[in-house]
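Working notes, beginning with the structure itself.
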Amino acid sequence: EAEVLLEATPTNLRDAQPGLDIVRAALRNGTHAVLASKGPLVFAYHELAALSDLAGPPGAPALRFSGAVGGALPTINVGRRDLAGAVINRAELIVNGTTQVILELMAGGMSFDSALAAAQAQGIVEPDPALDVDGWDAANKLVIFANAVLGQPTHLADLRVSGISEVQEAELHAAWAAGGRISLVGLAERQPDGRYDLSVAPTLLPRDHPLARLGQGEMGAVFYTDIIGRTTVSSLEDGPLGSTQAMLRDVIEIITREK
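Pasting the structure below:
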């Protein structure tokens, strides 16, 4: 009998199937679940958390998904574990490497269509390119982050989302000339009432911003907190091994916890 489910089916934004039913069944059967797939977490985070050790009864199976938000980038782990006890006032996430590649190619003189085609030739674009270029992949990850790290019940409809298809080459050139860059950034900003305003949009990053230093294909996150100050993490991935390693670290955590 299996002890751990590894779920990495393609993201389905219509109903999160078949991944959602697979994860539900595993957790109800007492099987730990490690996810790289975003769909089940976007559609049913709190339901799955209640079936697991995240919000369920003592002895419930583990649910881990560090690879679902930026692959090897430890966005979830840093937010949940390393910043425990601090209040996150602001988080800036670059968690879609494809748009990083496209925008950098455009800054180098390519048109949007040519840059997209080049990224597709590299095999780094989602089967539906709109998930990347229209901002929905980053939005899915921000939804998971808001639920799992910020503790704010969040659905896709709660976000303002815009992609990179309307970014003009002149804007990119101007940003680079000034030493900065334009990147697709997921932003969570704490409001006076304690809730977070959530958005995904192309954003001008000045030269002294930590995320402006990221190279082509790199992803990163910056957390601004009340007591720890600013924390920055970044990751450069070449292919799917980053997400694979993230799933492995989740499995290792579960095994270590069981001992």
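Going by the numbering used here, the sequence shown opens with residue 267, and the numbers climb by one from there. We put the CB at the ideal spot given by N, CA and C, even for glycine.
Item, Value
"On the premise that V399 lies in contact with V431, defined as a C-beta separation below 8 Å, what is that separation, rounded to the nearest angstrom?", "In the sequence as displayed, the identity of residue 431 is Ser instead of Val. That pair is a contact at about 5 Å."
"Pick out whichever of P506, I521 and Q434 has its Cα sitting closest to the Cα of P276.", "P506"
"Would you give the residue range spanned by the alpha helix (DSSP H) that G305 belongs to?", "G305 to A316"
"Out of I390, F331 and V353, point me to the one whose CA is closest to V367's CA.", "I390"
"Pull up the distance between the alpha-carbon of D527 and that of P306, whole angstroms please.", "Because the chain is modelled from 267 through 525, residue 527 falls outside the range shown and cannot be assessed."
"Once you ignore the five residues that flank N406 on each side, which residues in its own chain have a CB closer than 6 Å to its CB?", "K304 and V308"
"So, under 8 Å CB-CB, G401 and S428 are touching, yes? Tell me the CB distance rounded to an integer number of Å.", "6 Å"
"If we count the other Cβ atoms within 10 Å of its Cβ and call it buried at 16 or more, is I354 buried or exposed?", "buried"
"Flag this pair as touching only if the stretch 320-335 and the stretch 512-519 have three or more C-beta atom pairs under 8 Å; answer yes or no.", "yes"
"Alpha carbon to alpha carbon, how far is D403 from D502? Give it in angstroms, no decimals.", "Per the sequence presented here, residue 502 reads as Leu, with Asp not at that position. Going from the Cα of L502 to the Cα of D403 covers about 18 Å."
"Cα separation between A328 and L314?", "10 Å"
"Determine the contact status of L369 and A384, defining contact as a CB-CB distance below 7 Å.", "no"
"Leaving out five residues on either side along the sequence, give the residues of the same chain with a beta carbon under 8 Å from the beta carbon of G285.", "E273, T275, N278, L301, S303, G305 and P306"
"Applying the criterion that 16 or more other CB atoms from any shown protein chain within 10 Å of the CB defines a buried residue, is E267 buried or exposed?", "exposed"
"Which partner residues of T498 appear in the DSSP bridge assignment?", "V488"
"Roughly how many angstroms lie between the CA atoms of V488 and L349, to the nearest whole one?", "12 Å"
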